[in-house]
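For what it's worth, UniProt numbering labels the leading residue of the sequence shown as 1, then goes sequentially.
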Amino acid sequence: GIHKTLEEKLAQFHEREDCILYASCFDANAGLFEVLLGPDDAVLSDELNHASIIDGIRLCRAKRFRYKHMDLNDLEEKLKESQ
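What follows is the structure, encoded as structure tokens:
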């Protein structure tokens with residue numbers, strides 16, 4: 001259909017093998033992390049991230065660490081835990 005045609009045209013224009021269009025940013029964020037991150041990866045996430053980012057991280061197999069909002073000391077602790 002027209003959606004797939006648009007993806008193909010965008011991929012050609014940007015000289016890429018393929019392209020994926022999402023109907024919403026929520027869908028894009030929810031699907032991104034699962035594809036990019038595996039069990040050997042770690043994600044450090046601000047506790048007040050948008051719900052779509054939180055859901056996306058929850059769906060992936062990476063180790064997850066949430067730090068207190070804008071708290072660099074807590075972030076540093078979570079970085080240590082993630083090692």
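Here a beta-carbon is modelled for each residue, glycine too, at the ideal position from N, C-alpha and C.
Between the alpha carbons of His3 and Ala30 lies a distance of about 20 angstroms.
According to the DSSP assignment, Asp74 belongs to the alpha helix (DSSP H) that extends over 72–82. With respect to the 8 angstroms criterion, Arg64 and Ser45 are classified as neighbours on the basis of their beta carbons. With a beta-carbon spacing of about 19 angstroms, Phe33 and Leu75 fall beyond the 8 angstroms limit used to define contacts.
Sorting Arg61, Phe26, Tyr67, His69 by C-alpha distance to the C-alpha of Ala51 places Phe26 at the top. Lys68 and Ile53 have their C-alpha atoms some 16 angstroms from each other. By alpha-carbon distance to Leu48, the top candidate from Leu79, Asp71, Ala28 is Asp71.
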